[in-house]
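Chemist:
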Amino acid sequence: MRVLGVDPGLTRCGVGVVEGVAGRPLTMIGVGVVRTPADAELGHRLVAIERGIEEWLDAHRPEFVAVERVFSQHNVRTVMGTAQASAVAMLCASRRGIPVALHTPSEVKAAVTGSGRADKAQVGAMVTRLLRLDAPPKPADAADALALAICHIWRAPALNRLRQAHAQHSVRKVTR
């Protein structure tokens, strides 16, 4: 399974591609950041993010895209920018028919470190260890994108089983 993880942000949008399956060693295919100037107009920034994500989709051909679910923060302006960048990533993937999964920051942290309250340094250290890298990816947005991809690879089998069970249950209800 090849997954593009996206840590959305207007200034720095982390992107990382990981390949593998749950229970086996994972491989980092690529990692980076799509950057936009903080003083640019919002529309231009969103177009730049779209172009950057499209380039990653073209170059790496992921089977899934995992995006960090936007959660309420104290700074509404930051939340809005993050939500807008997140929507761009979801749009790019959906336009191509690539399934999109949303994972909360605490889900990602728990999957990668074992604690939903882990800090950025702990996430970076575990991403480095899990992908057998020489050093943590910089900036933290890049490491977070890889963590999202890892989380999805590990959680996808369980999520698929839940969806199948729900679908079977729904079919049984209809046929009764």
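Counting from 1 along the sequence shown, just add 28 to a position and that's the residue number in our numbering.
Think of the CB as a built atom: it goes at the ideal place given N, C-alpha and C, for glycine as much as any other residue.
(1) Just the C-alpha distance for L32 and D169, rounded to the nearest angstrom, thanks.
(2) List the endpoints of the continuous alpha helix (DSSP H) containing M154.
(3) Could you give the residue range of the beta strand (DSSP E) that holds V93?
(4) May I ask you to report which of helix, strand or coil DSSP gives I126?
(5) Alpha carbon to alpha carbon, how far is H102 from R124?
(6) I'd like to check one pair, P167 with R79: are the Cβ atoms closer than 8 Å?
(7) Report all residues from its chain with a CB closer than 6 Å to the CB of V61; omit the five preceding and five following residues, and keep chain order.
(8) Taking the alpha carbon of M56 as the point to measure from, which residue in A184, L38, P164 and V199 has its own alpha carbon closest?
(9) Report yes if the C-beta distance between L54 and I181 is below 8 Å; otherwise report no.
(10) For the beta strand (DSSP E) that contains V34, what are its first and last residues?
(11) By the three-class DSSP mapping on this structure, what secondary structure does E69 have?
(12) For H180, which three-state DSSP category applies?
(13) Quick check: what's the CA-CA separation for A111 versus F92?
(14) Would you list the residues sitting across from R63 in a DSSP beta bridge?
Modeler: In short, the structure shows the following:
(1) 13 Å
(2) K148 to L158
(3) F92 to E96
(4) coil
(5) 34 Å
(6) no
(7) R40, G42, D169 and A170
(8) P164
(9) yes
(10) R30 to D35
(11) coil
(12) helix
(13) 19 Å
(14) R40
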